[in-house]
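Top line first, the protein sequences correspond to chains H and S.
Residues 57 to 258 (my numbering) make up the first sequence, in order.
Residues 49 to 75 (my numbering) make up the second sequence, in order.
Glycine included, every Cβ here is placed at the ideal spot set by N, Cα and C.
Shown next, in structure tokens, is the structure this report addresses.
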Amino acid sequence: NRMHLVCPMNTSPYVDPQKSGHSIWEEFSMSFTPAVREVVEFAKRIPGFKDLSQHDQVSLLKAGTFEVLVVRFTSLFDVKERTVTFLSGRKYSVDALRSLGAGDLLNSMFDFTEKLRALNLGEEEISLFTAVVLVSADRSGLENVNSVEALQETLIRALRSLITKNHPNEIAIFTKLLLKLPDLRSLNNMHSEQLLAFKVQP
Amino acid sequence: FSDPASNLGLEDIIRKALMGNMEEKQE
């Protein structure tokens, strides 16, 4: 009987109570599909990604798409104003979303956004970090872990080199950035739990 | 519904989006 969709990948958190669970689900799917396609297009542009097996490309994307979207959409979370911008462009306050059922995940998203922003990374750095997020050799179901690991190491080396070049006096940024990876895993797990709860009673 | 990615139909979207790339690789 859930009546609200607090994920900003919707046009609005409010759901028409007259609509069937199926049509709500269809609309939600239509809303986030373009963002998922963009992640796939991004993955295709990572040098070496297309050389991985088809199975592993799908496995990495299945496991990592949410984490990539979290990094890409930190701009939706206004840490200062405590608002979240939905796909329609309308902003909703944290308090409003909490009253609609948003819980710990929302707070954790704000924490993550705040910490990532504090690193003051440029577009190229964020992009390379996002590639590192996606190409993770410890995702489940990979058939050629060694290939993924080799690509992951190449990307991490490139990220370290870029950060060192751009922030010569702040090498700790690279370490802090890598420490964001387990934070993203944690967000991913929380999000998965929400999805499971939602799908059970659409 | 033990797999959230399957719940969302994510795999289907990903496979379709990758398809051009995959066809290219199969050639």
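{"Query": "N-terminal and C-terminal residue of the beta strand (DSSP E) that residue 147 (chain H) is part of", "Result": "147–149"}
{"Query": "Cutoff 7 Å; reference residue 61 (chain H); Cβ partners in own chain excluding five residues on either side", "Result": "69, 71 and 84"}
{"Query": "Close beta carbons around residue 205 (chain H), own chain, < 8 Å, minus the five adjacent residues each side", "Result": "193"}
{"Query": "For residue 260 (chain H): DSSP bridge partner residues", "Result": "One cannot answer for residue 260 (chain H) here, as it falls past the ends of chain H, which runs 57 to 258."}
{"Query": "Residue 139 (chain H) - DSSP class collapsed to helix/strand/coil", "Result": "strand"}
{"Query": "Residue 98 (chain H) (DSSP reduced to helix, strand or coil)", "Result": "helix"}
{"Query": "C-alpha gap between residue 188 (chain H) and residue 126 (chain H), whole angstroms", "Result": "14 Å"}
{"Query": "Cβ neighbour criterion (16 or more within 10 Å) applied to residue 227 (chain H)", "Result": "exposed"}
{"Query": "Proximity of residue 141 (chain H) and residue 153 (chain H) at Cβ, strictly below 7 Å", "Result": "no"}
{"Query": "Beta-carbon proximity list for residue 196 (chain H), same chain, < 8 Å, skipping 5 on both sides", "Result": "115 and 119"}
{"Query": "Interface residues of chain S facing residue 96 (chain H) [CB-CB closer than 7 Å]", "Result": "62, 65 and 66"}
{"Query": "Residue nearest to residue 182 (chain H) in terms of C-alpha spacing, selected from H:67, H:233 and H:75", "Result": "H:233"}
{"Query": "Per-residue DSSP class, three states only, for residue 214 (chain H)", "Result": "helix"}
{"Query": "Beta-carbon spacing of residue 135 (chain H), residue 186 (chain H) below 7 Å", "Result": "no"}
{"Query": "Closer than 7 Å at the beta carbon, the chain S residues around residue 117 (chain H)", "Result": "62"}
{"Query": "Three-way DSSP call (helix, strand, coil) for residue 223 (chain H) in this model", "Result": "coil"}
{"Query": "Paired residues, beta bridge with residue 84 (chain H) - DSSP", "Result": "Answer is none; residue 84 (chain H) lacks a bridge partner."}
{"Query": "Under 8 Å from the C-beta of residue 114 (chain H): neighbouring residues of chain S", "Result": "59, 62, 63 and 66"}
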